[in-house]
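Report on one structure; see the data block that follows.
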Amino acid sequence: MKVHILLGPPGCGKGTQAKRLVEKRSLIHLSTGDILRDAVSKGTEVGLRAKALMASGKLVDDSTVNGIVFARLQDETGDVLFDGYPRTLFQAESLQTFLSAQGIALGYVMDIEVPWQELEARVVNRRVCSNNACGAIYNLNSKPPKVEGICDLCGGSLKHRADDTSEAFQSRMVEFNKTFQPLQAFYQGMPHYRSVDGSRPPEQIHDQLVQLFQEQA
Ligand code: AMP
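Residues 19 to 235 in my numbering are what the sequence shown lists, from first letter to last.
In structure tokens form, the structure reads like this:
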């Protein structure tokens with residue numbers, strides 16, 4: 019079992035790339051954002067704690083997120099692709115300790131870098147399929163659905179995430195800037211760290227990531 023990580027700011031394409039990569043490789047996609055949104059919609063204890071923080075673009079506390087992740091890792095046997103985790107140095111160090119204790123290897127850390135000016139437009143124009151089993155991601159400018167408001171893949175209704183407003187985006191970027199540099203520095207020294215140019219079309223990024231995994235095979 020191995021754990022791979024997609025790093026990068028909100029709107030860099032982590033979710034899109036993760037969804038495409040798991041279709042090609044046998045990987046389990048673990049998005050802490052998706053898990054937390056599900057908890058919010060079900061009104062669980064974690065969801066109630068996370069709701070207001072998420073809507074305002076703040077991070078959920080490390081111990082809650084680590085708890086969710088470690089419980090999931092204990093249940094999995096296949097290779098995992100993280101999207102949106104770790105997000106702080108503390109999460110990264112805790113994950114590393116957990117992996118070492120469990121004898122799980124750290125695979126690729128793919129750091130998707132996008133000029134900051136591009137990110138806000140991507141986020142405010144993002145629409146996602148409300149059917150969790152599908153979760154397809156659209157962009158009103160670069161990848162609009164064929165029929166407005168309807169998912170091309172499953173016919174589900176498309177929604178605008180509560181934290182994809184311009185205001186919440188600014189707050190998410192403040193959080194990102196506070197936490198990202200030490201997190202990035204932690205992984206930059208690792209043998210399987212790769213910086214990925216995320217300003218290119220999604221297809222090109224996908225091809226690069228698939229090639230990376232082929233090299234490893
Ligand atoms: P995402 O879908 O990855 O953009 O995450 C949406 C929101 O969920 C974030 O803005 C945070 O409020 C919360 N969240 C997701 N992953 C984490 C994490 N690893 N640590 C703390 N909060 C998280």
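Just so it is clear, CB atoms sit at the ideal spot from N, CA and C, and this is done for glycine as well.
- By the neighbour-count criterion, in which 16 or more other beta carbons inside 10 Å mark a residue as buried, K32 falls on the buried side.
- Using a Cβ distance threshold of 7 Å, V58 and K69 count as a contacting pair.
- A distance below 7 Å separates the beta carbons of H22 and G125.
- K69 sits in a helix when the DSSP states are folded into three classes.
- Looking at R218, L230, Q199, S213, the one whose alpha-carbon comes closest to that of A110 is Q199.
- By the neighbour-count criterion, in which a residue is buried when 16 or more other Cβ atoms sit within 10 angstroms of its Cβ, G26 is buried.
- Beta-carbon to beta-carbon, L117 and V40 are separated by about 20 Å, too far to satisfy the 8 Å threshold.
- DSSP, read as helix, strand or coil, puts L25 in strand.
- If you ignore the 5 residues before and after R140, its C-beta comes within less than 7 Å of the C-beta of G29, N157, all in its own chain and listed in chain order.
- At a cut-off of 3 residues, the continuous stretches assigned as beta strand (DSSP E) that sit fully inside the segment 116–178 are 123–131, 144–147, 155–157.
- With a cutoff of 7 Å on beta-carbon distance, V83 and T62 are scored as not near each other.
- A Cβ-Cβ contact shorter than 7 Å links E138 with F187.
- Residue pairing by DSSP places Y103 opposite no residue, since no beta bridge is assigned to it.
- In this structure, the alpha-carbon of S184 lies about 37 Å from that of D93.
- As a beta-bridge residue in DSSP terms, I46 pairs with V98.
- For S112, no pairing in a beta bridge is given by DSSP.
- When DSSP reads this structure, R212 sits in a beta bridge with M128.
- In the three-state DSSP reduction, K20 falls in the strand class (E or B).
- The continuous stretches of alpha helix (DSSP H) do not include G31, and DSSP gives it neither H nor E.
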